[in-house]
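**Student:** Input: one structure, supplied below.
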Amino acid sequence: MTSHYTRGASLSSEASREHIERALMDYGATDVCFSHDGSRSAIAFRADGRQFRLLVSLPEADGTGPSAGDTALGAARGAKAKDFERATRRVWYALTLAIDAKLGAAAAGIATLESEFLAHVVLPGNRTVFDEIEPIIESAYRSGRYSSLGGSPPSPTVDR
1 MTSHYTRGAS LSSEASREHI ERALMDYGAT DVCFSHDGSR SAIAFRADGR
51 QFRLLVSLPE ADGTGPSAGD TALGAARGAK AKDFERATRR VWYALTLAID
101 AKLGAAAAGI ATLESEFLAH VVLPGNRTVF DEIEPIIESA YRSGRYSSLG
151 GSPPSPTVDR
């Protein structure tokens, strides 16, 4: 039996992007846009008074081509191109599933849109919450000490 995830790999990347755009707009998002730069794509949108930006790392295409007249290398390149396209479709489909789940949780009242997409909230200065907090988290794990995010550290709980 083919899983839903595996079936999704047969959807085109464009179909997944269209689904994402439609789902965001159905939720009430505005200014939905996609951009692409090399092996990275981004999805940006506005919703619930916030701006969001999700970065997606895509598989890198092998830029090397076969020598002129070399059919064996041409066939190998064709196989690599198919593998690349399949991997790209899987990434977009996985993102479709993730966004659908987040929007579903927000729509059902299980969570807020902001809590579901918190890492992707764009702050003044055009950096995301993740961009700001990731070095603090890394430092805390490296040092073994709590790093304040502007407030006081949580008070330790005592079992009685």
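Here the sequence shown stands for residues 1 to 160, where the numbers follow the numbering used here.
The beta-carbon is built from N, C-alpha and C at its ideal position, and this holds for glycine as well.
Since the structure is predicted, the reported quantities are computational estimates derived from the model, not experimental observations.
#1: Please identify the residue among Ser143, Tyr141, Arg142 and Ile136 whose C-alpha is closest to the C-alpha of Leu149.
#2: Using the three-state DSSP reduction, which class does Leu55 fall into: helix, strand or coil?
#3: Identify, in the order they occur along the chain, each residue of the same chain with its Cβ nearer than 7 Å to the Cβ of Gly63, setting aside the five sequence neighbours on each side.
#4: Give the list of continuous beta strand (DSSP E) stretches no shorter than 3 residues that lie fully inside the segment 12-40.
#5: From which residue to which residue does the alpha helix (DSSP H) around Pro163 run?
#6: Pull the bridge partners of Val121 from the DSSP assignment, please.
#7: How about the segment 119-131 and the segment 79-89: do they share at least three Cβ pairs that are nearer than 8 Å?
#8: If Arg89 and Ser12 are in contact, beta carbons under 8 Å, what's the gap, nearest whole angstrom?
#9: Roughly how many angstroms lie between the CA atoms of Leu103 and Ala61, to the nearest whole one?
**Tutor:** Result, derived from the coordinates:
#1: Within the sequence shown, numbered from 1, the residue matching residue 149 stands at position 149. For Leu149, the closest of Ser143, Tyr141, Arg142 and Ile136 by C-alpha to C-alpha distance is Ile136.
#2: Translated into the one-based positions of the sequence shown, residue 55 becomes position 55. When secondary structure is reduced to three states using DSSP, Leu55 falls in the strand class.
#3: Position 63 of the sequence shown, counting from 1, holds the residue named residue 63. Low confidence applies here, because Gly63 scores a pLDDT of 47, under 50, leaving its location unreliable; read the following figure in that light. None.
#4: The segment 12-40 contains these whole beta strand (DSSP E) runs: 30-37.
#5: Any answer about residue 163 is impossible in this case: the structure gives the chain only from 1 up to 160.
#6: For this step, residue 121 is matched to residue 121 along the sequence shown. Partner(s): Phe52.
#7: They do not touch, by the three-pair rule.
#8: For the purposes of this step, residue 89 is taken as residue 89 along the sequence shown, with counting starting at 1. For the purposes of this step, residue 12 is taken as residue 12 along the sequence shown, with counting starting at 1. The Cβ separation is near 7 Å, so the contact holds.
#9: Walking along the sequence shown from the start, residue 103 turns up at place 103. Walking along the sequence shown from the start, residue 61 turns up at place 61. One C-alpha to the other measures close to 31 Å.
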